[in-house]
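S.K.: Chains as they are written, first to last, in the working numbering: chain A, 13 to 605; chain B, 72 to 233. Before we start, here is the structure in question, set down as structure tokens.
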């Protein structure tokens, strides 16, 4: 699929062209579907444009092999974000971006008819297929001027990467030719683990928003720049012939909050608007770059707000929230306009950004978010060989069949997914708990009904450096307060107070949620399985995993395997689903949570 | 630590110098010399006892503050650790005589009060404790008037990242 938008920067012309682009682009989809039954012909044949090409991938979560990944049916935007990209699902999404139902793009970008689409069009992503596509797009770049960048969450998400502490993914990233990246889960291997990976990484790791704590600075902890306290290089300048583009890294701003602080004791994060503005001004004023790009792991809502507050950035290449958005959103700010994109997850998509650079300005830009269909791309032999050699030592352990899926198992969605339902069942059953809690991660692949679940599939849902389970007593009031707190991280009307991720999943308990209600008052009708209301004063036995506090339990993948091993079949309990209120007609709500 | 290495002039040195400066300012070095109508030289025990931020400001300064974009308040949107939240305040307003920082949801709202001798750059930083999500308010007294800026700091249980 090509989704072009020609835009000049800055000022009015960009907006006009954006709109023109949007209107003109609805047609090619319908045309191709009608004529070609969507064989994908011509999908990767791009018209030349401009004088430099950026290739952007993000949030692959260490999925070296092609995957099935169902996009969300519930991705609610509230307040100013209601009905705006990325908060569109299903038909609303297709309509907004002019994609035909049943087409390849419809399957790649939405949850609609997922199982039929999976059978028809198959898996997406995989590093061998990605390398073929990257190689082709590099070769076709004007004057060979191309750069491949990654938005982070590259080195975590599989059993293999967890066992190798990301070292496997560094090798794959080097062979793929990633020149610059930023990070999020990369930090969960700890400061030393990250440094060890960076020593082997051939590209540059960029983060303008990671600083030494005052204590660490005082104790002379290593930093890229001791004057500012910046731990990592904040930006790099890439020359494309006579033109120069600055790439600034923006790591996930809430690493020590979303993950155990013990992994990054010397470092402090944050969005850091002011420092970013100073950096942009410096790059434009002193370095005299022709364009400024922010390689961001903020998440799309945060990037949209940031783009309204910081001026001088031409384009934000975004990730974290796993939103596959076919065309960037233009945001006005005091210096003109900034385009904000988000490039999906799991290797399903590769963004191709063609730039028309002039001295001191970006004259035009063309953006396409290409789905990486495994059946349309010949896997690169060198990458295939590398992946096979990385997997070989673990083949017996990870290839082992654990169970068969009775129904579709997926994770992504604001409130629940069938995979997390299964995890919550396992926690309650194996740890003999009344209530279970499982984090609302957005990574984790999809298995079709009747599909085999291997140990590698189990690990693709659970492999983190802090996956130990816990069982602890909590009062009903405490449980409620935790749920409200996480809910606010998802639905706070101000994106700067959101952390990304979805609602914590619950087992043995159902509730009603009104995302648009005020903080602390979104939840009601908290009811235990069996019908009794959650008693604020009573103490319940609660099981969970991935706590930010150190836990002594066994890894959750062992708990899930034990649960599945009992029958060899992945069936779900009859837990009542979450009831979502105040979302009738919301284009981010595709029905049953 | 070598006593004479070049690190003397690095960030650590600057940090120490800044720390010293803020101690001097915070203890009111010299302000008994210019007793203005609104800033008493004595420790403002009454103000620190007030529960709400408005009462604390009134007790301190005898008037209410007006929001101003000339007051720069820096605080994290979401606290990494609610026990030590870094907050800094600076302003380019002239004739600054005092800066107060208040944490609205704390049991006593007033967290810190700094008084400035003439010519002292009006920049302060502190680390404040807050048990729950709260507005943080910076109040600057300059030329006998009060100016303020407010930011919400979220204190969360954490976890569950994407």
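Even glycine gets a Cβ: it sits at the ideal position worked out from N, Cα and C. This structure is a prediction, so every number in the text was calculated from the model and none was measured.
Can you name, in chain order, every residue of its own chain whose Cβ lies under 7 angstroms from the Cβ of residue 432 of chain A, other than the five neighbours on each side?
M.R.: 423, 450 and 517
S.K.: Figure out for me which residue from B:117, B:163, B:168 and B:174 has the closest Cα to the Cα of residue 202 of chain B.
M.R.: B:174
S.K.: Going by C-alpha to C-alpha distance, which of B:184, B:213 and B:195 sits closest to residue 157 of chain B?
M.R.: Among B:184, B:213 and B:195, the Cα nearest to that of residue 157 of chain B is on B:195.
S.K.: Excluding five sequence neighbours on each side, which residues of the same chain lie with their C-beta closer than 7 angstroms to the C-beta of residue 161 of chain B?
M.R.: Within the same chain, residue 161 of chain B has close Cβ partners 143, 193 and 194.
S.K.: Within 8 angstroms of any Cβ in chain A, is that where the Cβ of residue 210 of chain B sits?
M.R.: no
S.K.: In terms of residues, what are the limits of the alpha helix (DSSP H) holding residue 569 of chain A?
M.R.: First-last of the alpha helix (DSSP H) with residue 569 of chain A: 568-577.
S.K.: Assuming residue 216 of chain A contacts residue 206 of chain A (C-beta within less than 8 angstroms), just tell me the rounded distance between them.
M.R.: That belief does not hold up - the Cβ atoms of residue 216 of chain A and residue 206 of chain A are roughly 14 angstroms apart, past 8 angstroms.
S.K.: Looking at residue 141 of chain B and the ligand MN, is the gap between the Cβ and the nearest heavy atom below 7 angstroms?
M.R.: In terms of ligand content, the structure shown is empty, and the ligand MN therefore cannot be addressed.
S.K.: If we define contact as Cβ-Cβ less than 8 angstroms, is residue 148 of chain B a contact residue for chain A?
M.R.: yes
S.K.: Using a cut-off of 7 angstroms between C-beta atoms, extract the partners of residue 228 of chain B located in chain A.
M.R.: 494 and 497
S.K.: How close, in whole Å, do the beta carbons of residue 439 of chain A and residue 488 of chain A come, if the pair is a contact with beta carbons under 8 angstroms?
M.R.: Wrong, their Cβ atoms sit about 18 angstroms apart, outside the cutoff.
S.K.: Is residue 194 of chain A helix, strand or coil by DSSP?
M.R.: Of the three classes helix, strand and coil, the one that applies to residue 194 of chain A here is coil, per DSSP.
S.K.: What residues are listed by DSSP as bridge partners for residue 122 of chain B?
M.R.: Bridge partners of residue 122 of chain B: none, in fact.
S.K.: Can you list, in chain order, the residues of its chain with a C-beta nearer than 6 angstroms to that of residue 363 of chain A? Leave out the 5 residues immediately preceding and following it.
M.R.: 68, 355 and 381
S.K.: Measure the alpha-carbon distance for residue 38 of chain A versus residue 176 of chain A and round it to whole angstroms.
M.R.: Legend: pLDDT at residue 38 of chain A = 36, less than 50; position of this residue unreliable, value from coordinates given subsequently. One C-alpha to the other measures close to 45 angstroms.
S.K.: Does residue 270 of chain A get closer than 8 angstroms to chain B when you measure Cβ to Cβ?
M.R.: True, the Cβ-Cβ gap to chain B drops below 8 angstroms.
S.K.: Hey, residue 136 of chain A and residue 118 of chain A are a contact pair by Cβ (cut 8 angstroms); roughly how many whole angstroms apart?
M.R.: Under the criterion of beta carbons closer than 8 angstroms, residue 136 of chain A and residue 118 of chain A do not qualify as touching, at roughly 13 angstroms.
S.K.: Can you have a look at residue 212 of chain B and say buried or exposed, based on whether 16 or more other CB atoms are within 10 angstroms of its CB?
M.R.: buried
S.K.: Taking all protein chains shown into account, do 16 or more other C-beta atoms lie within 10 angstroms of the C-beta of residue 251 of chain A, making it buried, or fewer, making it exposed?
M.R.: Counting the other CB atoms within 10 Å of its CB gives residue 251 of chain A a total below 16, which places it among the exposed residues.
S.K.: Could you tell me which residues DSSP puts in a beta bridge with residue 330 of chain A?
M.R.: A:354
S.K.: Could you check if residue 537 of chain A is buried or exposed, using at least 16 other CB atoms within 10 Å of its CB as the buried criterion?
M.R.: The Cβ neighbour count for residue 537 of chain A, taken over all protein chains shown within 10 Å, is under 16; the residue is labelled exposed.
S.K.: Helix, strand or coil for residue 180 of chain B? Go by DSSP, reduced to three states.
M.R.: When DSSP states are grouped into helix, strand and coil, residue 180 of chain B belongs to the coil group.
S.K.: For a contact defined as C-beta to C-beta under 7 angstroms, what are the partners of residue 225 of chain B on chain A?
M.R.: Within chain A, the residues near residue 225 of chain B are 509.
S.K.: In angstroms, rounded to a whole number, what distance separates the CA positions of residue 72 of chain A and residue 357 of chain A?
M.R.: 5 angstroms
S.K.: Going along chain B in order, which residues have a C-beta closer than 7 angstroms to the C-beta of residue 283 of chain A?
M.R.: 148
S.K.: Just curious, the beta strand (DSSP E) that residue 361 of chain A is in, first and last residue?
M.R.: 361-370
S.K.: When you compare each of A:456, A:589 and A:331 to residue 315 of chain A by their alpha carbons, which one comes out closest?
M.R.: A:331
S.K.: Determine the extent of the alpha helix (DSSP H) in which residue 432 of chain A is found, giving its start and end residues.
M.R.: 430-443
S.K.: Is there a Cβ of chain A sitting closer than 8 angstroms to that of residue 176 of chain B, yes or no?
M.R.: no
S.K.: At the level of alpha carbons, what is the spacing between residue 154 of chain B and residue 257 of chain A?
M.R.: Whole-angstrom Cα-Cα distance: 41 angstroms.
S.K.: Cα separation between residue 131 of chain A and residue 545 of chain A?
M.R.: 42 angstroms
S.K.: Where does residue 383 of chain A fall in DSSP's three states?
M.R.: strand
S.K.: Starting from residue 280 of chain A, find everything on chain B with Cβ-Cβ shorter than 9 angstroms and list it in chain order.
M.R.: Within chain B, the residues placing a beta-carbon under 9 angstroms from that of residue 280 of chain A are 147, 151 and 157, ordered along the chain.
S.K.: Please determine, among A:301, A:551, A:429 and A:459, the residue with the shortest C-alpha to C-alpha distance to residue 483 of chain A.
M.R.: A:551
S.K.: Assign residue 585 of chain A to one of two classes, buried (16 or more other C-beta atoms within 10 Å of its C-beta) or exposed (fewer than that).
M.R.: Exposed, by the Cβ-count rule.
S.K.: Does DSSP put residue 603 of chain A in a helix, a strand or coil?
M.R.: coil
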